[in-house]
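S.K.:
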Amino acid sequence: MRIAMINPFDSSVMLGGQERVVSDLFSWQKRRGHEVEMFSLSEEESRRWARWGHLPAIGMLKGRLPDFSDFDIVHAHGWASEAVLSKRPRTPVLVTVYGTIAQYMQN
Numbered sequence: 022m023r024i025a026m027i028n029p030f031d032s033s034v035m036l037g038g039q040e041r042v043v044s045d046l047f048s049w050q051k052r053r054g055h056e057v058e059m060f061s062l063s064e065e066e067s068r069r070w071a072r073w074g075h076l077p078a079i080g081m082l083k084g085r086l087p088d089f090s091d092f093d094i095v096h097a098h099g100w101a102s103e104a105v106l107s108k109r110p111r112t113p114v115l116v117t118v119y120g121t122i123a124q125y126m127q128n
């Protein structure tokens, strides 16, 4: 299976629990024989923009995403779902939301 994973920040930066889950899931899927491609800001960009929150990262990420037609499924994590869904892909999209509704509403 060919899987596109989208996360606002680079998982190697390990900014929090979401990035750890994304990194673990990415590795697990690779071990299971899936072809997985990660889309996120670069490590340098992630370090620079993390303090400003997810909104600037999503804006930067939107322009970098493909149309996903070469993938079997798209897995968007957290705020990255906004960038993915704005592209209206024909490929099935799985969205995993982290945190609480209150945190999302506050941001």
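In terms of our numbering, the sequence shown opens at residue 22 and continues consecutively. We put the CB at the ideal spot given by N, CA and C, even for glycine.
In this structure, how does DSSP classify residue 47 when only helix, strand and coil are distinguished?
M.R.: Position 26 of the sequence shown, counted from the first residue, corresponds to residue 47. Residue 47: helix per DSSP, three-state reduction.
S.K.: Tell me whether the beta-carbon of residue 92 lies closer than 8 angstroms to the beta-carbon of residue 61.
M.R.: Looking up residue 92 in the sequence shown gives position 71. Looking up residue 61 in the sequence shown gives position 40. Contact: no.
S.K.: Find out if the Cβ-Cβ distance for the pair residue 98, residue 24 is shorter than 8 angstroms.
M.R.: In the sequence shown, the residue the question calls residue 98 occupies position 77. In the sequence shown, the residue the question calls residue 24 occupies position 3. Against a cut-off of 8 angstroms, the Cβ pair of residue 24 and residue 98 comes out as no contact.
S.K.: Could you check what DSSP says for residue 69 in three-state terms: helix, strand or coil?
M.R.: Mapped onto the sequence shown, residue 69 falls at position 48. The answer is helix: DSSP assigns residue 69 an H, G or I state.
S.K.: Which same chain residues, not among the five before or five after residue 116, have their C-beta less than 6 angstroms away from its C-beta?
M.R.: Within the sequence shown, the letter at position 95 stands for residue 116. The residues are 97, 102.
S.K.: By Cβ distance, which residues of its chain are closer than 7 angstroms to residue 68, with the 5 residues on each side in sequence left out?
M.R.: Stepping through the sequence shown from its first residue, residue 68 is reached at position 47. Within the same chain, residue 68 has close Cβ partners 34.
S.K.: Alpha carbon to alpha carbon, how far is residue 59 from residue 27? Give it in angstroms, no decimals.
M.R.: The residue you call residue 27 lines up with position 6 of the sequence shown. The residue you call residue 59 lines up with position 38 of the sequence shown. One C-alpha to the other measures close to 6 angstroms.
S.K.: Work out the CA separation of residue 108 and residue 44 for me, nearest whole Å.
M.R.: For the purposes of this step, residue 44 is identified with residue 23 of the sequence shown, where counting begins at 1. For the purposes of this step, residue 108 is identified with residue 87 of the sequence shown, where counting begins at 1. Distance between the alpha carbons of residue 44 and residue 108 is about 24 angstroms.
S.K.: To the nearest angstrom, how far is it from the Cα of residue 56 to the Cα of residue 46?
M.R.: Taking the sequence shown and counting its residues from 1, the one referred to as residue 56 is at position 35. Taking the sequence shown and counting its residues from 1, the one referred to as residue 46 is at position 25. If I take the Cα positions, the gap works out to 13 angstroms.
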